[in-house]
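Structure record follows, encoded as structure tokens.
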Amino acid sequence: MSSRLKRRHAIVTTLGVLAVIAVTAGVSYFLLNGDEQKKGRGQKSEPAAKFVITSATTKGNWQPMHPTIGLVEPALYLDVQTTVTAKVQHIHVKPGEKVKQGQLLLTLDSSDAERELRRLQAQRMELAANQSIMIRQQALDKELLSISKKQLQNAKKSLERMQMLDSKNLAAKTELEAKEDEYNIRSQSVAQAEFTIRNHEALRQQTQASLTQLDISIEAQQSMIEKHRFHADFDGEVANLDLKVGQQVGAGQSLFTLFDRNELLFKTLVASELALEDGAEIQYAGVRYSRLHTDPVRMANSAGQRVWFGFQQEERLLGNYVYASWVSPAVENSFLITDRALHDFDRVYYLQDIADSDELHQYRLVESQVTLHGTTEVNGEEYWVATSETLPDNAKLLSSRLRPLYAGIKVTTVKPTADEVEVENVKMERSRGNGPGRG
Numbered sequence: 189m190s191s192r193l194k195r196r197h198a199i200v201t202t203l204g205v206l207a208v209i210a211v212t213a214g215v216s217y218f219l220l221n222g223d224e225q226k227k228g229r230g231q232k233s234e235p236a237a238k239f240v241i242t243s244a245t246t247k248g249n250w251q252p253m254h255p256t257i258g259l260v261e262p263a264l265y266l267d268v269q270t271t272v273t274a275k276v277q278h279i280h281v282k283p284g285e286k287v288k289q290g291q292l293l294l295t296l297d298s299s300d301a302e303r304e305l306r307r308l309q310a311q312r313m314e315l316a317a318n319q320s321i322m323i324r325q326q327a328l329d330k331e332l333l334s335i336s337k338k339q340l341q342n343a344k345k346s347l348e349r350m351q352m353l354d355s356k357n358l359a360a361k362t363e364l365e366a367k368e369d370e371y372n373i374r375s376q377s378v379a380q381a382e383f384t385i386r387n388h389e390a391l392r393q394q395t396q397a398s399l400t401q402l403d404i405s406i407e408a409q410q411s412m413i414e415k416h417r418f419h420a421d422f423d424g425e426v427a428n429l430d431l432k433v434g435q436q437v438g439a440g441q442s443l444f445t446l447f448d449r450n451e452l453l454f455k456t457l458v459a460s461e462l463a464l465e466d467g468a469e470i471q472y473a474g475v476r477y478s479r480l481h482t483d484p485v486r487m488a489n490s491a492g493q494r495v496w497f498g499f500q501q502e503e504r505l506l507g508n509y510v511y512a513s514w515v516s517p518a519v520e521n522s523f524l525i526t527d528r529a530l531h532d533f534d535r536v537y538y539l540q541d542i543a544d545s546d547e548l549h550q551y552r553l554v555e556s557q558v559t560l561h562g563t564t565e566v567n568g569e570e571y572w573v574a575t576s577e578t579l580p581d582n583a584k585l586l587s588s589r590l591r592p593l594y595a596g597i598k599v600t601t602v603k604p605t606a607d608e609v610e611v612e613n614v615k616m617e618r619s620r621g622n623g624p625g626r627g
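The working numbering numbers the first residue of the sequence shown as 189 and each following residue consecutively.
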């Protein structure tokens, strides 16, 4: 490679980094200086200071990047819906709160179901008491039957002896008739005892059937009450919780979402010529390289590949449609810039949040023009200086919904008349957390 090409490549490398650095310029400026602009409204003042993002230059060569738009979603995500119609009774958590598995999150009014449960339980207690009495009575019936059978056996023996004496004309007829009457009475007593036992057993079985049915009804009522209580199915975070105590909710209505932001999945369609394979490394939204942990799937009617990969992220979930780049593992800082931005040096792209939720964010890619001003040295370190004056008219309104994507970026304000750059050393807060594909 000729020295001219090397110089040109170095310029491309450096300016490419700066182009993305300017992405966060609008975010930082409006987040940090929005209140100052409100104070000066309606008053004559000095020209507003330009805003600059500065960051250390990156050594190394840029490798080809292949940007793509995809869908990011948590690996664990649950849209919690109610199956009953009731009023909100208690809200035990707040949106954005981290919760543990099994933790009670929300309770609906279940007073009607609880009253019905108490009625069923009282009815069951009464039946169970009656059944206990029946069981004790059955024991007495069996004891009585045993006594009656012994008396019948004795009466039978007495009758047989009297009949034998009568056959020998040794017994009076009245004595024989008395023994016959005694035998018949004992026989009737045994029959009555057996009938009573059968009758009581039938009643006991009927009571037991009623108890079984009551148990089913009680279990169903308890299940109904449990449907009014919502616990966390896993460790995660609550989002989209926009309810008030006393508010009526209907069956099928979404109450809130529960998700685990520790592991996210990115789904996208990439050109087939990239031939991405399992284990390939990529970069997503400023997060370090993340390794594919599922096999690419060939689309049936498409010229691309459907690729899923997961990564760890400690900060807020970046929402739905976002921008990512497939890059070489050798690149340390291949931020979100397109090839055109690398060649033209006048455009960068940032993510604008267009979602309504404060917990889950949906982004679209927004283009912004930038002006590069070379480098400056601060505290012995060399920094690139960039400015942007083409943010949208409603940037102030959007600024509160923009999210910085990079860590360790220093914010610099440049006064129009200043001869040198003043560095305020304001650091954008964001964890650098490694992806699962890095050691």
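For each residue, glycine too, the CB sits at the ideal point set by N, CA and C.
- His278 is classed as exposed because its beta carbon has fewer than 16 other beta carbons within 10 Å across all chains shown.
- Listed as beta-bridge partners of Gly438 by DSSP are no residues whatsoever.
- The shortest C-alpha to C-alpha distance from Arg303 to any of Gln410, Asp421, Lys432, Asp423 is the one to Gln410.
- Annotated three-state conformation of Leu391 is helix, per DSSP.
- Looking from the CA of Leu364, the closest CA among Glu370, Met350, Ser377 belongs to Met350.
- The C-alpha of Ala317 lies about 22 Å from the C-alpha of Ala408.
- CA-CA distance, Asp354 to Arg374, rounds to 21 Å.
- In this structure, DSSP gives Gln289 a state outside helix and strand, which the three-state scheme calls coil.
- The way I'd put it, the segment 321-328 does touch the segment 387-400; three or more beta-carbon pairs between them come closer than 8 Å.
- Secondary structure at Val276: strand, using DSSP grouped into helix, strand and coil.
- For Gln269, the beta-bridge partners assigned by DSSP are Ser442.
- By the criterion of at least three beta-carbon pairs nearer than 8 Å, the segment 426-446 is in contact with the segment 276-291.
- Taking the Cα positions, Leu399 is about 14 Å away from Arg307.
- Only exposed fits Phe383, as fewer than 16 other CB atoms lie within 10 angstroms of its CB.
- Counting only the Cα atoms, Ala301 lies some 25 Å from Leu429.
- Measuring C-alpha to C-alpha distances from Gly434 to each of Ser298, Lys288, Gln289 identifies Ser298 as the nearest.
- With a threshold of 16 other beta carbon atoms within 10 Å, Glu348 falls short and is exposed.
- Taking C-beta atoms as the reference points, Val287 and Gly424 count as a pair closer than 8 Å.
- DSSP, reduced to helix, strand and coil, places Asp423 outside both helices and strands of the structure shown, so it counts as coil.
- Within its own chain, the residues whose Cβ lies closer than 6 Å to the Cβ of His419, once the five positions on either side in sequence are excluded, are Gly290, Leu292, listed in chain order.
- When rounded, the separation of the alpha-carbon atoms in Lys337 and Ile385 is 14 Å.
- Of the candidates Ala310, Ala379, Ile335, Ala381, the residue whose Cα lies closest to the Cα of Ile406 is Ala310.
- DSSP places Asp430 outside both helix and strand once states are collapsed to three, so it counts as coil.
- Residue environment: Asp421 is assigned as exposed (fewer than 16 neighbouring CB atoms within 10 Å of its CB, all protein chains considered).
- Closest option to Leu431, judged by alpha-carbon separation, among Ala381, Leu296, Leu328, Glu314: Leu296.
- Taking C-beta separations shorter than 8 Å and ignoring five residues to either side along the sequence, the partners of Leu402 in its chain run Leu308, Gln311, Arg312, Leu315, following chain order.
- A Cβ-Cβ distance of about 6 Å is found for the pair His416 and Val272, placing them in contact under the 8 Å criterion.
- Taking the Cα positions, Ala360 is about 17 Å away from Ala343.
- Contact annotation: His280 and Leu294 have beta-carbon atoms nearer than 8 Å.
- For Glu331 and Thr270, the gap between their C-alpha atoms comes out near 57 Å.
- A residue is called buried once 16 or more other Cβ atoms fall within 10 Å of its Cβ, and Ala427 is buried on that count.
- Classified as buried, Ala381 has 16 or more neighbouring CB atoms from the shown chains inside 10 Å of its CB.
- Comparing alpha carbon positions, the residue from Met352, Asn357, Lys356, Ser346 closest to Tyr371 is Ser346.
- Beta-carbon to beta-carbon, Leu305 and Ile413 are separated by about 7 Å, close enough to satisfy the 8 Å threshold.
- The Cβ-Cβ distance between Gln339 and Ser377 falls below 8 Å.
- As the crow flies, the alpha-carbon of Gly284 is around 23 Å from that of Gln436.
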